[in-house]
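Report on the following structure.
In the UniProt record's numbering, the protein residues as written are 1 to 616.
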């Protein structure tokens with residue numbers, strides 16, 4: 001029998017590795033930025049076109065590479081970061097596997113320009129799908145410039161799985177934020193389709209956060225500092241009143257490397273216990289410094305997950321440090337139930353002179369003396385003797401004419417008030433058509449049996465079709481605000497609002513101005529309360545970032561879905577009879593009443609036969 005096991009060619013192995021390392025354009029951005037940092041760069045520029053699908057270029061002023069290193073850097077498992085397996089537990093660099101550049105070169109067109117400081121000229125290498133097209137000398141400044149063009153050009157299936165440019169650009173910006181926040185001592189700049197998106201100069205950590213997320217962020221931050229033998233914590237947490245419904249502003253850095261940890265995130269959440277509204281999440285930007293020997297980074301291709309030797313200790317230290325900061329800066333009330341408040345001394349009495357208290361004695365007081373004052377007696381009620389039954393007829397004249405005249409002046413209640421309170425039999429039927437069950441479902445009777453409607457999903461469908469009609473057919477009615485509403489957002493959130501501004505105006509929003517970090521609203525849709533505007537826009541931005549585009553994708557449809565989800569009546573809200581009736585009637589007036597905008601059932605029916613089977 002012939003041998004069937006064979007060694008895969010390098011270009012095939014690189015494409016397989018690229019499936020783990022390069023998941024989307026943001027993965028390329030992460031790897032190239034980290035390589036620039038490992039090269040000792042002080043200034044890094046990121047240039048992106050078409051959300052990274054056309055071009056991703058990173059330019060740095062690091063130490064550069066020699067001719068041999070430049071050629072060898074695109075080979076598999078070629079790295080300058082480690083030499084032996086023991087180095088994996090003494091990592092002080094971002095990369096160490098030597099797979100990133102080889103994987104990127106296997107699925108894109110790559111152009112590398114690099115020069116070391118002591119060299120007069122540099123090198124340029126052009127690679128297409130792992131094949132080196134050319135290598136030549138070139139005049140370039142010190143450092144390295146890598147341009148990745150036409151990502152996934154030879155894997156069309158992977159390219160088709162990419163999401164819309166808005167979603168992919170958001171992931172790129174997220175990776176840029178993670179690297180820029182971890183290294184505030186390096187200058188970063190980002191350009192998207194020829195326009196400058198970020199220009200971050202060297203600054204302290206607080207200023208770097210403010211430069212990325214906007215000036216309004218400065219007042220939201222609470223410093224956290226803790227230094228122990230096991231763990232050093234530094235950074236900031238957000239004040240509870242600024243907590244968001246999304247988890248966007250949550251950053252853990254371990255030894256200047258961004259990580260994701262649900263366990264440590266729970267430590268932060270427990271420190272905020274009792275301070276947050278339901279469904280909101282705290283913001284935090286925390287740097288954790290630990291001994292490299294106590295962590296294992298080599299457990300995930302993206303290196304965003306880390307294994308700690310003693311997670312329980314880190315959990316306790318992190319929770320107590322955050323809780324201490326919240327109490328220290330008077331964010332959380334400090335309660336001590338064992339302290340006697342009577343022993344507290346006011347500050348202005350600390351240096352006051354003490355005097356002997358004077359005692360006054362009433363010498364005329366005699367506890368054995370009888371009281372001479374007469375007590376006020378309560379008024380007594382004198383019981384009248386019951387009148388005889390003959391007194392009932394006193395005053396009635398014996399004459400018949402007089403008696404008839406008296407009785408003719410007596411007024412009786414009109415017959416109308418003694419009639420039925422339900423004049424119309426149909427009204428009785430209407431009162432009993434719907435019932436609310438557990439403030440979640442509306443139960444109604446139909447000819448064949450019973451109808452059970454999910455009130456939240458049903459209202460979503462009603463609002464969704466209403467918003468679509470307003471945005472596509474007619475202008476919505478808007479209510480003017482007495483005072484303009486000013487909301488603050490990050491730079492990337494403002495870009496999303498600008499993209500959706502026209503559709504938002506069709507729904508009833510009126511924007512007086514949209515600045516770099518804030519928007520001013522002077523009108524909102526009639527059905528939208530002013531207090532819900534910021535929640536609606538935050539939910540909309542989150543939905544746009546995470547939306548998976550398909551053949552029927554449109555911003556209008558997404559906007560209608562997001563606003564319907566935000567404004568729909570929630571589970572647990574009690575409805576009056578007329579509100580229940582209106583909801584049922586409006587649902588079955590929709591074009592597609594069977595499903596919600598997210599394709600979930602809005603109601604179910606149960607026939608009499610099905611009910612009969614339950615009693616067998």
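Idealized CB from N, CA, C, for every residue including glycine. Keep in mind the model is a prediction, meaning the values are calculated, not measured.
Terminal residues of the beta strand (DSSP E) in which residue i lies
{"i": "residue 107", "result": "Where residue 107 is concerned, there is no enclosing beta strand (DSSP E), given that its DSSP letter is neither H nor E."}
{"i": "residue 47", "result": "43-49"}
{"i": "residue 575", "result": "Segment: none, residue 575 is in no beta strand (DSSP E) and carries neither H nor E."}
{"i": "residue 232", "result": "232-238"}
{"i": "residue 485", "result": "478-488"}
{"i": "residue 252", "result": "250-254"}
{"i": "residue 150", "result": "Unbroken run through residue 150: none, as it is neither H nor E."}
{"i": "residue 445", "result": "441-446"}
Alpha-carbon spacing of residue i relative to residue j, whole angstroms
{"i": "residue 486", "j": "residue 562", "result": "21 Å"}
{"i": "residue 574", "j": "residue 241", "result": "27 Å"}
{"i": "residue 243", "j": "residue 499", "result": "25 Å"}
{"i": "residue 268", "j": "residue 278", "result": "15 Å"}
{"i": "residue 669", "j": "residue 25", "result": "In the structure as shown, the chain begins at 1 and stops at 616. Residue 669 is therefore absent and cannot be evaluated."}
{"i": "residue 613", "j": "residue 460", "result": "33 Å"}
{"i": "residue 368", "j": "residue 361", "result": "17 Å"}
{"i": "residue 558", "j": "residue 186", "result": "38 Å"}
{"i": "residue 210", "j": "residue 489", "result": "12 Å"}
{"i": "residue 604", "j": "residue 454", "result": "9 Å"}
{"i": "residue 139", "j": "residue 117", "result": "12 Å"}
{"i": "residue 136", "j": "residue 259", "result": "39 Å"}
{"i": "residue 54", "j": "residue 151", "result": "7 Å"}
{"i": "residue 147", "j": "residue 112", "result": "7 Å"}
{"i": "residue 509", "j": "residue 162", "result": "32 Å"}
{"i": "residue 328", "j": "residue 320", "result": "12 Å"}
{"i": "residue 441", "j": "residue 596", "result": "15 Å"}
{"i": "residue 79", "j": "residue 8", "result": "21 Å"}
{"i": "residue 496", "j": "residue 544", "result": "8 Å"}
{"i": "residue 6", "j": "residue 126", "result": "30 Å"}
{"i": "residue 503", "j": "residue 448", "result": "42 Å"}
{"i": "residue 165", "j": "residue 149", "result": "16 Å"}
Burial state of residue i (16 or more Cβ within 10 Å)
{"i": "residue 437", "result": "exposed"}
{"i": "residue 262", "result": "exposed"}
{"i": "residue 598", "result": "exposed"}
{"i": "residue 576", "result": "exposed"}
{"i": "residue 607", "result": "exposed"}
{"i": "residue 458", "result": "buried"}
{"i": "residue 177", "result": "buried"}
{"i": "residue 493", "result": "buried"}
{"i": "residue 465", "result": "buried"}
{"i": "residue 73", "result": "buried"}
{"i": "residue 40", "result": "exposed"}
{"i": "residue 370", "result": "exposed"}
Any chain D beta carbon closer than 8 Å to residue i
{"i": "residue 314", "result": "Protein chain content of the structure displayed is limited to a single chain, and chain D is not contained in it."}
Residue i - containing alpha helix (DSSP H), residue span
{"i": "residue 160", "result": "156-160"}
{"i": "residue 316", "result": "311-328"}
{"i": "residue 507", "result": "491-507"}
{"i": "residue 461", "result": "455-472"}
Assumed close pair residue i, residue j - CB separation to whole angstroms, cut-off 8 Å
{"i": "residue 31", "j": "residue 100", "result": "4 Å"}
{"i": "residue 316", "j": "residue 463", "result": "That belief does not hold up - the Cβ atoms of residue 316 and residue 463 are roughly 46 Å apart, past 8 Å."}
{"i": "residue 237", "j": "residue 322", "result": "6 Å"}
{"i": "residue 484", "j": "residue 517", "result": "Between residue 517 and residue 484 the Cβ distance is about 16 Å, and since that is not below 8 Å, they are no contact."}
{"i": "residue 114", "j": "residue 64", "result": "5 Å"}
{"i": "residue 285", "j": "residue 251", "result": "5 Å"}
{"i": "residue 471", "j": "residue 560", "result": "7 Å"}
{"i": "residue 142", "j": "residue 69", "result": "Residue 142 to residue 69, Cβ: 15 Å. No contact."}
{"i": "residue 208", "j": "residue 181", "result": "6 Å"}
{"i": "residue 224", "j": "residue 313", "result": "With a Cβ gap of about 17 Å, residue 224 and residue 313 do not count as contacting."}
{"i": "residue 56", "j": "residue 21", "result": "Incorrect: roughly 14 Å between the Cβ atoms, too far for contact."}
Nonlocal neighbours in the same chain, by C-beta distance under 8 Å from residue i, ignoring five residues either side
{"i": "residue 196", "result": "189 and 190"}
{"i": "residue 249", "result": "213, 238, 283, 284 and 285"}
Own chain residues within Cβ distance below 7 Å of residue i, not counting five before or after
{"i": "residue 67", "result": "123"}
{"i": "residue 154", "result": "107 and 129"}
{"i": "residue 600", "result": "457"}
{"i": "residue 530", "result": "481, 485 and 524"}
{"i": "residue 134", "result": "126"}
{"i": "residue 602", "result": "453, 454, 457, 458, 461, 587, 593, 594, 595 and 596"}
Own chain residues within Cβ distance below 6 Å of residue i, not counting five before or after
{"i": "residue 309", "result": "294"}
{"i": "residue 221", "result": "236"}
{"i": "residue 480", "result": "523"}
{"i": "residue 232", "result": "289"}
{"i": "residue 246", "result": "542"}
{"i": "residue 265", "result": "none"}
{"i": "residue 159", "result": "152"}
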